[in-house]
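Working notes, beginning with the structure itself.
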Amino acid sequence: MPINFSRRLDWSLTTNRLAQALENKKPKYDLTASNPTSAGLHYPVELLEALNNTESLQYNPDPRGLPQARAVLNLGPHTILAASTSEAYAWLFKLVCNPGDSILVPRPSYPLFEFLAKLESVTVNHYSLQYSEGWWLDFDSFQNQLDANTKAILFVHPNNPTGSYLKKSELTQLAQICAHKNIALISDEVFADYPLINDETRAATLGNNGQCLTFVLGGLSKTAGLPQMKAAWLTASGPQADEAATRLELIADTYLSVSTPVQHALPAFLKHGQAIRQQIQHRTKANLKKLNASNLRPLQVEAGWYAIIPTPRTKSEEEWAIHLLEHEQTLTQPGYFYDFESEGWLVLSLLTPEADFASGVEAIERQFTA
Ligand SMILES: Cc1ncc(COP(=O)(O)O)c(C=O)c1O
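Those letters in the sequence shown? Residues 536 to 905, per my numbering, in order.
So, in structure tokens, the structure goes:
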């Protein structure tokens with residue numbers, strides 16, 4: 536009898552049509568770049584010197600993360616380090632959910648939620664983000680989705696790929712729902728350092744909202760453009776934050792996953808990360824300017840590394856992505872990768888090197904108007 540592997544892994548192993556097309560055609564202009572370390576940015580070698588620290592020869596782990604590493608983050612007493620934001624999500628789902636419980640996640644948003652939740656035996660339900668001259672949270676879409684099994688509401692602030700923030704008034708309403716229903720609020724703020732426009736109405740952070748237990752996530756992968764260093768953090772605030780942090784400490788103690796050298800190097804990574812961040816900010820702004828000057832009609836982007844364009848109705852978004860790859864060697868992501876509720880969107884990465892981005896945008900313009 537063959538082994539029956541866990542149902543947590545029963546997602547489809549078949550490749551999508553775009554991945555199949557990629558096997559035959561390599562892109563010249565890759566407008567899907569999300570890895571800053573292969574985006575042609577300059578990484579100062581001094582970064583690595585911080586790993587050469589004799590204190591790292593000793594192993595004296597602290598389950599919450601070494602105090603000096605947490606101190607440099609300066610995020611408050613209920614901060615815990617993890618190896619990645621993905622790991623922090625897994626810990627939070629273990630903390631607030633029993634197997635079979637559910638979480639509410641925005642749509643469109645970060646595609647990994649389905650996988651992260653399923654690995655913790657947690658069900659994902661969705662609420663909508665709607666667009667009309669900017670993105671807004673559709674509170675009506677909560678009503679059918681909230682039930683006794685809902686244990687957490689997630690928001691990505693600013694969101695990926697919509698680049699939108701929660702507004703102050705929306706936060707008040709969202710935090711009230713969470714407080715009223717005893718649901719935790721989880722806010723992924725990994726892109727918080729990448730605003731592209733100012734807006735007084737946006738919430739600065741979802742943490743410390745004064746109403747509900749809230750966890751804010753951040754990490755080196757976006758803040759410093761250093762995903763390979765594997766360090767992230769979560770901070771609890773609000774009612775029961777102290778108890779939550781104590782319970783999270785138990786989970787973290789079971790794994791002790793953040794390496795000692797990386798924790799000692801965290802102050803230097805954050806310091807040198809500023810220069811990497813500035814390069815990314817410069818690039819995303821320049822690429823957005825190029826896109827806004829094109830005739831591709833991008834949706835408004837407030838922040839982050841991505842932009843969204845509508846596709847002509849003559850083909851599906853997936854057919855457009857394949858068409859652009861085959862006719863222009865230009866790689867884009869169809870909106871369904873991010874669970875858009877409607878069809879007809881392509882997602883472009885603003886992290887793409889500027890010359891490639893410009894050529895890619897021109898190629899898309901050519902095909903959309905052909
Ligand atoms: C919204 C969001 N959160 C988290 C991550 C991943 O962060 P980490 O590398 O810390 O797991 C990503 C990566 O693209 C992301 O888009």
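Using N, Cα and C, we set each Cβ at its ideal position, and we do this for glycine too.
Small disclaimer: the values here were computed from a predicted structure and weren't measured.
Check each candidate in the options and name the one with the smallest Cα separation from residue i.
i: D788; options: A800, K806, R599 and N587; result: R599
i: E863; options: F903, P845 and R605; result: F903
i: E735; options: G754, K702 and H715; result: K702
i: S829; options: I843, Q816, G839 and F540; result: I843
i: A898; options: W880, H715 and H858; result: H858
i: Y700; options: P646, K686, A625 and G839; result: G839
i: P900; options: P847, N587 and L886; result: Correcting the residue identity first, residue 900 is Glu in this sequence and not Pro. When each option's Cα is compared against that of E900, the closest is P847.
i: D597; options: S792, T658, K765 and N744; result: S792
i: A606; options: W768, A856 and N633; result: W768
i: G745; options: I638, A776 and D675; result: A776
i: L755; options: Y564, A738, Q798 and L720; result: Q798
i: L576; options: W855, G760, A771 and E852; result: G760
i: L689; options: I721, F677 and P845; result: I721
i: A623; options: A652, C713 and N587; result: A652
Would you check whether ligand 3 has a heavy atom nearer than 7 angstroms to the C-beta of residue i?
i: Y790; result: The model depicted lacks ligand 3 and carries ligand 1 instead.
With respect to 7 angstroms, is the separation between the Cβ of residue i and the closest non-hydrogen atom of ligand 1 below this value?
i: V725; result: yes
i: P562; result: no
i: G600; result: no
i: G754; result: yes
i: P762; result: yes
i: N695; result: yes
i: V659; result: no
i: A800; result: no
i: S722; result: no
Under DSSP, the alpha helix (DSSP H) around residue i begins and ends at which residues?
i: I811; result: T795 to N827
i: D788; result: A776 to Y790
i: V882; result: Run containing V882: none in the alpha helix (DSSP H); it sits in the beta strand (DSSP E), W880 to S884.
i: L608; result: P602 to L608
From residue i to residue j, what distance separates their C-alpha atoms?
i: S794; j: A800; result: 10 angstroms
i: L706; j: I718; result: 14 angstroms
i: Y578; j: A604; result: 22 angstroms
i: F648; j: F628; result: 11 angstroms
i: E876; j: A585; result: 45 angstroms
i: Y871; j: V882; result: 10 angstroms
i: T758; j: A727; result: 8 angstroms
i: L731; j: P696; result: 14 angstroms
i: E778; j: M536; result: 46 angstroms
i: Q665; j: L592; result: 52 angstroms
i: A710; j: F750; result: 12 angstroms
i: L885; j: N539; result: 42 angstroms
i: R642; j: T620; result: 19 angstroms
i: G635; j: A893; result: 46 angstroms
i: A810; j: D723; result: 23 angstroms
i: L826; j: P888; result: 13 angstroms
i: T819; j: P796; result: 31 angstroms
i: R543; j: L672; result: 30 angstroms
i: E837; j: Y594; result: 43 angstroms
i: N733; j: A739; result: 11 angstroms
In the DSSP assignment, the beta strand (DSSP E) including residue i goes from what residue to what residue?
i: F750; result: T749 to G754
i: H715; result: From DSSP, H715 is part of no beta strand (DSSP E) but of the alpha helix (DSSP H) over K703 to K716.
i: L689; result: T685 to V691
i: Y841; result: Y841 to P845
i: V836; result: Looking at the DSSP string, V836 is not in any beta strand (DSSP E), and its letter there is neither H nor E.
i: Q520; result: Only positions 536 to 905 of the chain appear in the structure, and residue 520 is not among them; the question remains open.
i: R642; result: S637 to R642
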